[in-house]
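With my numbering applied, the sequence shown has no gaps in its numbers, which climb one by one up to 237 at the end. Ideal Cβ positions, reconstructed from N, Cα and C, are used throughout, including at glycine. Reading through the structure tokens given below for one structure.
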Amino acid sequence: MSRLPFDPDFDDLPGSLPIFPLPGVLLLPGGRLPLNIFEPRYLAMIQDALLGRRLIGMVQPKAEEEEGDTGAAPVYGTGCAGRITAFQETEDGRYLITLTGLIRFDILEELAGVRGYRLVRADWSRYAGDLEAIDPPGIDRERMLEALRAYFDATGIAGDWEAIGETPNEKLITSIAMICPFEPREKQALLEAPTLEQRAEAMTAILEMAALRGAPAPDGGAARH
13 MSRLPFDPDF DDLPGSLPIF PLPGVLLLPG GRLPLNIFEP RYLAMIQDAL LGRRLIGMVQ
73 PKAEEEEGDT GAAPVYGTGC AGRITAFQET EDGRYLITLT GLIRFDILEE LAGVRGYRLV
133 RADWSRYAGD LEAIDPPGID RERMLEALRA YFDATGIAGD WEAIGETPNE KLITSIAMIC
193 PFEPREKQAL LEAPTLEQRA EAMTAILEMA ALRGAPAPDG GAARH
């Protein structure tokens, strides 16, 4: 993953982290996630983050298929911290932000909430490698692109194959995993894949299965909450 000038070093990562539970929304290290913030508790979370390290943990609720407040539901034990790298206020009281994925984390415990939003104690130790720039040679790029083409054909997505062909492996894998409308459990599996090679292998299998059964096209908009 390419480091940005203001990214924290591993030793400077905080012990606690606000979390933002959103079903079906995936953030990976190096990825960029646009968010449309309007709920009071998450407006407060963004305000507090902007006063500090600008870090927010994106997690998925486990009970995404149930009705009710997903913001209070049990969450998966692994998420990805993102840093606010773009921020805009709107006249109707919303924040439009971009989170850039930094590093994954494991949740050790949930702490007392702050101003209506949730806070966890984070363990970063398994994911120090997320901060390093890598382009591993063990990825079957040809198979992955064949699976992606079949998936796009099945879902009616028009791909810019010239641009896709020029995109490095890490950026391509991250972009596909985040943009494609995979099931929440599939997205969680991609997040938890230990290495980029294993994420590519899992994603290729998901693409192949989705192409066989057909899948909805992504809406392409910012996640709202």
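Spatial neighbours of I188 in its own chain (CB-CB distance under 7 Å, excluding positions within 5 residues in sequence) are listed in chain order as L160 and M215. Between T110 and the set R138, G177 and I58, the nearest pair of CA atoms involves I58.
Look at T110 here: in three-state DSSP terms it is strand.
C92 places its beta carbon 8 Å or farther from that of L208. DSSP places P73 in the strand class (E or B) of the three-state scheme. An exposed status is given to F18, since fewer than 16 other beta-carbon atoms sit within 10 Å of its beta-carbon. When the alpha-carbon of D147 is set against those of E101, D172, D165 and P180, the nearest one is in P180. Where A159 is concerned, the enclosing alpha helix (DSSP H) starts and stops at R153 to T167.
Secondary structure note for Y129: its beta strand (DSSP E) is the uninterrupted segment Y129 to D135. Residue range L208 to R225 is occupied by the alpha helix (DSSP H) that includes E220. Considering only D118, R95 and G125, the residue with the shortest C-alpha distance to R138 is D118. In the structure shown, E122 falls within a strand segment according to DSSP collapsed to helix, strand and coil.
Within the same chain, W136 come within 6 Å of L25 by CB-CB distance, once the 5 residues on both sides are set aside.
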